[in-house]
Structure formats: structure tokens, C-alpha cells
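If you number the sequence shown the way numbering that gives the first Met the number 0 does, the last residue is 144 and the count never jumps. Structure first, then comments.
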Amino acid sequence: MSKIKSFRGKMADNTIDVIKLASITGSTGYKITKLRLMPSNLNANQEACVKIYKIPQTSATMEIDFSDNTLLAAARYTEASAADTYSEDMHVVFDNEVFNQDIYVTHKNNANVPINYYFELEQFDLALDEQTVATLKDIRNIGAE
Numbered sequence: 000m001s002k003i004k005s006f007r008g009k010m011a012d013n014t015i016d017v018i019k020l021a022s023i024t025g026s027t028g029y030k031i032t033k034l035r036l037m038p039s040n041l042n043a044n045q046e047a048c049v050k051i052y053k054i055p056q057t058s059a060t061m062e063i064d065f066s067d068n069t070l071l072a073a074a075r076y077t078e079a080s081a082a083d084t085y086s087e088d089m090h091v092v093f094d095n096e097v098f099n100q101d102i103y104v105t106h107k108n109n110a111n112v113p114i115n116y117y118f119e120l121e122q123f124d125l126a127l128d129e130q131t132v133a134t135l136k137d138i139r140n141i142g143a144e
């Protein structure tokens, strides 16, 4: 039986949050099911980019690369005070990606303002073979840094 865990936070520009999920046995698996962004200041013009990765990150960027197999989800939030500028808020979650280790949330913003994030994980038990596959993927991804 699966259950939903939710996480939320407020991130300053150019920061990385670590979400601690790893366990000794690796028997708990996760999938991201939802990612949402909301500004902390409704008066700030901004373009925010939040991404969630399987491996540690050294920097936060505005670039989104769907060919990166360590990327679990990405979201963009824009806000402009001008009436002729429309927001282009987007979010993509790769919900077929199973992981059993810590994940890393990055935030980059063109206006140097914080952003709020909220995401949900589906949590479930992994069979021994699934544990092995998830752990080996993590090891391979860390080696590919």
C-alpha cells in the first residue's frame, strides 16, 4: 500500500535544499507525483526555476535538460506586473522514476527573490530486486557526474 508524503519550503535564489529520504536498507521507494511553485512576494517581477534531482548538485541554473537522467521534476514560475505580460507557469514530473535515496531541490531566479515550493511523493515498499535496481541506478548516476 502506498502513501503520500508532502514537502514544502521557501528557497532563496541560487540555493539547494536536500530532502533526506535514504534509509539503511533502501526498502522504501518514492515517486514524485506533484510539484507546485508560489511566489513569496506577489509584487516581485520574476522568473523562477525549481528542479529536483536524484544526485547532489553544485549549482542552481535556469537551464532545463530533459535528457539528464538524474532530473526528477522541473517547474517554472513567472510573474510580471505589466498587464500585457502573461505568466507561463509550467511543471513537469517524471512520475515513472523510482528512487530510494535523498533528493536535491535547486532554485534559480532572475530577480534574486525567494520562491515557495510544494511537492508530493508517493511512498511504497520496494521488493528486494526493486531495491537493488534503484540503488544501482543511484550509484551509476553519481559516477556519471
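We treat Cβ as the ideally placed atom computed from N, Cα and C, and that holds for glycine.
- A distance below 7 Å between beta-carbons, with the five flanking residues on each side excluded, links N111 to the following residues of its chain, in chain order: D12.
- E121 sits close to S1, with the two beta carbons spaced by under 8 Å.
- In the DSSP assignment, E62 falls outside any beta strand (DSSP E), carrying neither H nor E.
- When beta bridges are read from the DSSP output, N108 appears opposite A47.
- About 7 Å separates the Cβ atoms of Y52 and I102, confirming a contact at the 8 Å cut-off.
- For the pair E78 and N44, the CB atoms are nearer than the 8 Å cut-off.
- Ranked by Cα distance from M89, the options L36, D128 and F98 are led by L36.
- Within the model, the alpha-carbon separation for D64 versus N108 is close to 17 Å.
- For A74, the pairing in a beta bridge is given by DSSP as V49 and H90.
- Taking the Cα positions, S22 is about 15 Å away from V97.
- In this structure, T24 keeps its C-beta atom at 8 Å or more from the C-beta atom of H106.
- In the three-state scheme derived from DSSP, where H, G and I count as helix and E and B as strand, L127 is classed as helix.
- Counting the other CB atoms within 10 Å of its CB gives M61 a total below 16, which places it among the exposed residues.
- DSSP places V17 within a strand segment (E or B) once states are collapsed to three.
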